[in-house]
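So in our numbering, spot 294 of the sequence shown is number 297, and the numbers just go up one at a time.
In this text, a Cβ means the ideal position worked out from N, Cα and C, and glycines have one as well.
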Amino acid sequence: MDKPQDDSPVDHKMTDSEKKKQPVTACLFTAAFFGALGSSFLYGYNLSVVNAPALYIKAFYNKTWIERYGEPIGAETATLLWSITVSIFAIGGLFGALSVSFIIKVLGRKGTLLVNNSFAVIAALLLSLGEKAKSFEMLIIGRLIMGVDSGIALSALPMYLGEISPRHIRGSIGQFNSILICLGVFTGQVLGLPELLGQESRWNYLFSFLALPALLQLCVLPFLPESPRYLLMERRDEAGAERAFQRFLGKKDVTAELEEVHAEARAQDNLHTVSVLQLLKSPAVRWQLITIIVTMACYQLCGLNAIWYYTNGILREAGFEENILPYITLSTGAIETLSAIISGLVIERIGRKPLLIFGFSAMAFFFSLLTVFLNFQDGVSWMPYLSYICILAVIASFCSGPGGIPFVLTGELFEQSYRPAAFMIAGIVNWLSNFAVGLLFPFIQEALQTFAFLVFVVVCIIGSIYLYVVLPETKSKTFLDISQSFAKINKIPVPSPGHEMELVLSIKPDTYEKVQDVVKMESSF
């Protein structure tokens, strides 16, 4: 197997002086923050919000069952209803991922994010009013709808962030997705504390909170531009794309950015958005697709979701009182958020590939240590403390790279026409893997006991090796350059600079000055 070219034919890296001329504008930061607030933040919040009120929700199920049928709910039925309530979120996510490419084609990136807020508001109403209506079905349907919202958001948001960002900060802006996921998890933990909303009389307000980020996004995002790449390449609206670039970049002359998009359009065989079937059949993106499938599968199968199964048990073994466990587990959410922020700050210096390989490798190392510590913690009094430190280290390792970069890569490895279908496939792999872990881990844990984490060690090592061999570095590269980095391994010829200039001349014969600008632009990089 040929290793992909790590260096593109033309080095488009910007100099330090050029980077200083293009700081993060208020418009770009606002789009990234509020886009993520109404999207990935809600996904993270829903991952943790059901933990604190679990006992109260189960009691509500039992009370409702007695009122309806005159007898307490059976143990098996109660377990089934709770399992459905928790797992149906992933089913909704799968539905959202399956529909996202069609919605984006009609509504665009920003339009999809805005319409998606309706799902969050409807889910918030169902979840918060279910108790008053004495209907546990409303909670289950609300969780399903919230899953649909998250499935759409985790595709539409990274696509939007990747297309509105200058390439020298594309990774940092893309990490807003990961940072807000972690912040959502942490917020769910904090609001679930007994002093706040984690009480029997207040647990439904935990779900009412879902509407707030969605409404905030609805108030801000309509006043921000659509993706300029979407406007230019799919809507053929060059004037709109120019205005969008000007607002996002904070400068009037965006000729270079427009020409970069034109160059990408000229290099594509098909300017129309391709279907999933066409993407699967295309040899030009075969290894990009395999890379995204492997990376997304490792994102869910690397064991982070399973780590929560052990956290409270390890803390109890360490001698902590039951009533202070919620406060200690806040440290997991804090570590997640801090690690994601640090990753966002260093991703453009270190690169995507090293952070991913480091994250998976560190997870494999700390999972191995955790396995050793778990096997000795019954005999050594201080061993549970080491186990908990390993859990925090696993979480930090995950958020340093694997927790957010797979979404950034999905947007970077594919050109415009392939991107919606690629995100759809990535989303399907993501949610199916999520569901598989939730379904299979209890059986794995029962069979292997404390050795269960060795399964995740194998997954992390395989992921690290694959990424080292196949993935080229993508930081500061144009989407066209990234696509050409895979040309050798895909056995696709790379267009020569001369052929590229012929395309420029054939499409825009009336603009000698434009051609000169292109030459100057390429020579300056």
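Under the three-state reduction of DSSP output, VAL460 falls in the helix class. Cα atoms of ALA217 and LEU261: separation of roughly 32 Å, rounded to the nearest angstrom. Per DSSP, reduced to three states, the secondary structure at HIS275 is coil, with no helix or strand assignment. Measuring C-alpha to C-alpha distances from ALA127 to each of VAL52, HIS275 and VAL257 identifies VAL52 as the nearest.
Burial state of CYS393 is buried, judged by a 10 Å Cβ sphere holding 16 or more other Cβ atoms.
Nearest to LYS478 by C-alpha distance, out of GLU351, ALA439 and LEU470, is GLU351. Here SER181 really is in contact with CYS402; their C-beta atoms are around 7 Å apart, less than 8 Å. With respect to HIS275, SER486 sits apart: the two C-beta atoms are not nearer than 8 Å. With a cutoff of 8 Å on beta-carbon distance, PHE459 and GLU267 are scored as not near each other. Per DSSP, LEU147 is one residue of the alpha helix (DSSP H) stretching across 139-167. Boundaries of the alpha helix (DSSP H) harbouring TRP206: 206-211, taken from the DSSP string. In the assembly as shown, LYS137 is an exposed residue. Its beta-carbon has fewer than 16 other beta-carbons within 10 Å.
For THR28, the secondary structure class from DSSP, reduced to helix, strand or coil, is coil. In this structure, DSSP gives ASN54 a state outside helix and strand, which the three-state scheme calls coil.
Taking ALA39 as the centre and dropping the five residues before and after it, the same chain places the C-beta of LEU160, PHE179, ASN180 and LEU183 closer than 7 Å to its C-beta, in chain order. The beta carbons of ILE87 and ILE125 sit no closer together than 8 Å.
Between THR294 and VAL473, the C-beta gap is smaller than 8 Å, which places the two residues in contact.
When DSSP states are grouped into helix, strand and coil, ASP381 belongs to the coil group. For THR335 against LEU377, the beta-carbon gap comes to about 17 Å, at or over 8 Å, which does not count as contact. The DSSP assignment places complete alpha helix (DSSP H) segments of no fewer than 4 residues inside the segment 239-302 at 241-252, 258-270 and 279-284, in order along the chain.
Collapsing the DSSP output to three states places ASN493 in coil. Spanning the alpha carbons of ALA62 and LEU132 requires a straight line of approximately 16 Å. Leaving aside the five residues that flank ILE310 on each side, the residues in its chain whose CB is nearer than 8 Å to its CB run, in chain order, ILE394, VAL397 and ILE398. Secondary structure of LEU227 (DSSP, three-state): coil.
In the structure shown, LEU183 falls within a helical segment according to DSSP collapsed to helix, strand and coil. Ranked by Cα distance from ALA490, the options PHE417, ALA93 and ILE447 are led by PHE417. In terms of Cβ geometry, SER467 and ILE360 form a close pair [threshold 8 Å]. Rounded to the nearest whole angstrom, the CA to CA distance from LEU442 to ASN493 is 36 Å. Judged by their CB atoms, GLN380 and SER371 are not nearer to each other than the 8 Å cut-off.
VAL257 is positioned such that its CB atom lies no closer than 8 Å to that of ARG232. Taking a contact as a CB-CB distance under 8 Å, the pair LEU219 and LEU130 does not count as one, their CB atoms being some 18 Å apart.
Only residues of its own chain outside the window of five on either side were considered, and among them LEU483 have a CB closer than 6 Å to the CB of ALA270, listed in chain order. Three or more Cβ pairs closer than 8 Å define a contact, and the segment 107-127 falls short of that threshold against the segment 186-196. A Cβ-Cβ contact shorter than 8 Å links CYS463 with SER364. When the Cα atoms are used, ALA93 and GLY430 turn out to be separated by approximately 11 Å.
Put simply, of LEU50, GLU134 and GLY406 the residue whose alpha carbon is nearest the alpha carbon of MET366 is GLY406.
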